[in-house]
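Just add 32 to the spot in the sequence shown (first one is 1) and you have my numbering. Beta carbons are placed, not taken as given, at the ideal position from N, Cα and C, and that holds for glycine. Fair warning: this is a prediction, and the values are worked out from it, not measured in the lab. Scroll down for the structure; my scribbles are underneath it.
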Amino acid sequence: NGLDTPTTVHWHGVRIDNRMDGVAHLTQPPVAPGESFDYRFTVPDAGTFWYHPHVHGSGPQVARGLYGLLIVEETDTVDVDHDIPLVFDDWRVDDNGQIDTASFGNLHDAAHAGRLGNILTINGKFDGTVRARAGERLRLRIASTCNARVLQLDFSALDPWLVAVDGQPVSPARLEPAALELGPGQRVDLIADLDGEPGSRLVVAETSGEPFEAMAFELSGDPGKPVRKETPPALPANPVRIPDGKPQRTVDLVMAGGAMSFIPEAVYKGQTYDGRTLAMDHGMVWAFNGTAGMPEKPFLSASAGEPVAIRLVNETLWPHAMHLHGHHFVELDGSGAPSRVLRDTILVAPREEKTIALVADNPGRWMLHCHMLEHQASGMETWFEVLT
Ligand code: C2O
Ligand code: CU
């Protein structure tokens, strides 16, 4: 740790050995400035993952760019001409173009959407132009490392196939709608054929605010090659277990608080406080199941290999990007049928309720939290355990 503050590294989406999950105070002590910690683990799944610090106050570290993409390659090569990571981040900069450090820890942001940036970068650069030839087939590994913004990326100019979500393959299908909604921490892999005139530009717009050109694919002037056209084959499946049907046990996780529906009271570090004291004295404005911040006891204790469902009930007026550690999960539809799409982070809209299900087969203590990092820091975090 070369920082002047404690830190850790969490390997987001990797179904990792619990001791290597990098969650300060839950799976390891924070690594003090000048100290080190060796992360050694086996990656069970191929796919697109990322890593970032996971301490109380990791929001500012991530906002300053302390993160990276972790790509685990498939054993067989995937038939594309280029494999291109596209890491989207929004940064909040001040009038001098410097990182706006004055707004770190701002409670108003925390109680609203979180710390939204005012400039967007792709792979750390302001210009996200990708140059390629007409007819080439690209694999795009898209990740959002934004602290809080839910990106809306319009990929219609590429008409791509969606081939993986949060690192896990899905059966390839055209991205519908071509507007991709990507919450903090989420990833998708797309495959796109560059079906455009040589010399043309295919533009990707970002539309979560005033629409603007986020990036473009610039086709070179040479004639290129014929477009492949056929649907790409599915990526090889990873060994993730999915519940066969609706699990016997469903546990509720009720999210409350935030601007316009502040929590009247909640438990914080074992004591009950009124909402005002929580906000003013402790910077807590959100709660899960009536507790702000990490509870002493897990909200769920599962036996090894038990299928469990978690009902995420969003009573707030804000969307949340709920991230579960150590496992991937599927969403259940109204009748309790599991979807085929595996995720590690799911957006839950204001006043919405979603039920997710997983096979709790990775022993240890795992976090479930909102990945809008200012929401997490101001209450939206909890944990569950999987017994051996
Ligand atoms: Cu990407 Cu608990 O985090
Ligand atoms: Cu949130």
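Less than 7 Å separating the beta-carbons of residue i and residue j?
i	j	result
Thr59	Gly217	no
Pro279	Ala392	no
Pro275	Phe416	no
Val345	Val259	no
Leu190	Leu234	yes
Ile154	Phe120	yes
Arg181	Leu207	no
Ala334	Val283	no
Val46	Phe81	yes
Ala164	Leu226	yes
Gly337	Asn50	no
Ser410	Gly315	yes
Arg375	Val197	yes
Gly146	Glu347	no
Just to check, is the beta-carbon of residue i closer than 6 Å to a non-hydrogen atom of the ligand C2O?
i	result
Gly217	yes
His360	no
His114	no
His88	no
Met354	no
Met412	no
Asp399	According to the sequence provided, residue 399 is Met. The question's Asp does not apply to it. It does: the Cβ of Met399 is within 6 Å (strictly closer) of some heavy atom of the ligand C2O.
Quick check: is any heavy atom of the ligand CU less than 6 Å from the C-beta of residue i?
i	result
His42	no
His57	no
His407	yes
Going by C-alpha distance, which of the options is nearest residue i?
i	options	result
Leu102	Gly91, Ala143 and His84	His84
Pro264	Pro92, Leu234, Ile223 and Trp318	Ile223
Pro192	Gly146, Lys157 and Phe249	Phe249
Val272	Lys301, Ser333 and Val362	Val362
Val75	Glu297, Glu338, Asn270 and Gly289	Asn270
Lys327	Ala298, Thr40 and Gly337	In the sequence under discussion, the amino acid at residue 327 is Pro, which differs from the Lys named in the question. The shortest Cα separation from Pro327 among Ala298, Thr40 and Gly337 belongs to Ala298.
Ser240	Val220, Glu213, Leu226 and Met247	Glu213
Leu98	Asp141, Gly366, Thr107 and Trp43	Trp43
Glu413	Gly368, Asn138, Leu148 and His355	His355
Ala142	Asp113, Ala266, Met312 and Arg397	Met312
Arg281	Ala205, Pro117 and Arg343	Arg343
Ala175	Gly79, Ser252 and Ala381	Gly79
Val429	Leu172, Lys257, Leu183 and Ser252	Lying before the first or after the last residue shown, residue 429 is absent from the chain, which here runs from 33 to 420.
Glu385	His352, Arg51, Glu406 and Leu374	His352
Glu105	Asp122, Lys157 and Pro201	Pro201
Phe158	Phe136, Trp123, Arg169 and Asn128	Trp123
Val63	His86, Asn179, Gly358 and Val94	His86
Phe320	Arg375, Tyr305 and Ile295	Ile295
Leu194	Ala211, Cys178, Tyr71 and Asn179	Ala211
Asp365	His359, Val373 and Ala134	Val373
Gly290	Thr309, Lys301 and Val317	Val317
Ala237	Gly231, Leu183 and Gly253	Leu183
Lys257	Gly160, Val112 and Ala145	Val112
Asp132	Ala95, His114, Val162 and Asn33	Ala95
Phe136	Thr107, Gly129, Asn179 and Thr161	Asn179
Gly199	Ile116, Glu229 and Asp77	Asp77
Determine the burial state of residue i: buried for a count of at least 16 other Cβ atoms within 10 Å of its Cβ, exposed for fewer.
i	result
Ser90	buried
Thr109	exposed
Pro421	It is not possible to answer for residue 421, since the shown part of the chain is limited to 33 through 420.
Glu262	exposed
Pro498	Residue 498 falls outside the range modelled here, since the chain spans only 33 to 420, and no answer is possible.
Asn394	buried
His401	buried
Pro92	buried
His57	exposed
Met247	buried
Gln303	exposed
Asp36	exposed
Ile151	exposed
Asp127	exposed
Phe73	exposed
Val125	exposed
Asp70	exposed
His403	buried
Ala205	exposed
Any heavy atom of the ligand SAM inside 6 Å of the beta-carbon of residue i?
i	result
Met404	As presented, the structure is devoid of the ligand SAM, carrying the ligand C2O and the ligand CU as its sole ligands.
List in chain order: all unbroken beta strand (DSSP E) runs of 3+ residues lying wholly within the stretch 283-343.
-> 297-300, 303-306, 318-320 and 332-334
Whole runs of the alpha helix (DSSP H) within the stretch 78-140, excluding any shorter than 4 residues = 90-95
Please go through the stretch 150-200 and give each complete beta strand (DSSP E) segment of 3 or more residues, from N-terminal end onward.
-> 151-154, 162-164, 169-176, 183-186 and 193-197
Ignoring anything shorter than 4 residues or poking outside the stretch 369-414, list the alpha helix (DSSP H) runs there in chain order.
-> 405-409
In chain order, each beta strand (DSSP E) run of at least 3 residues that lies wholly inside the stretch 208-241 | 211-214, 219-225 and 233-238
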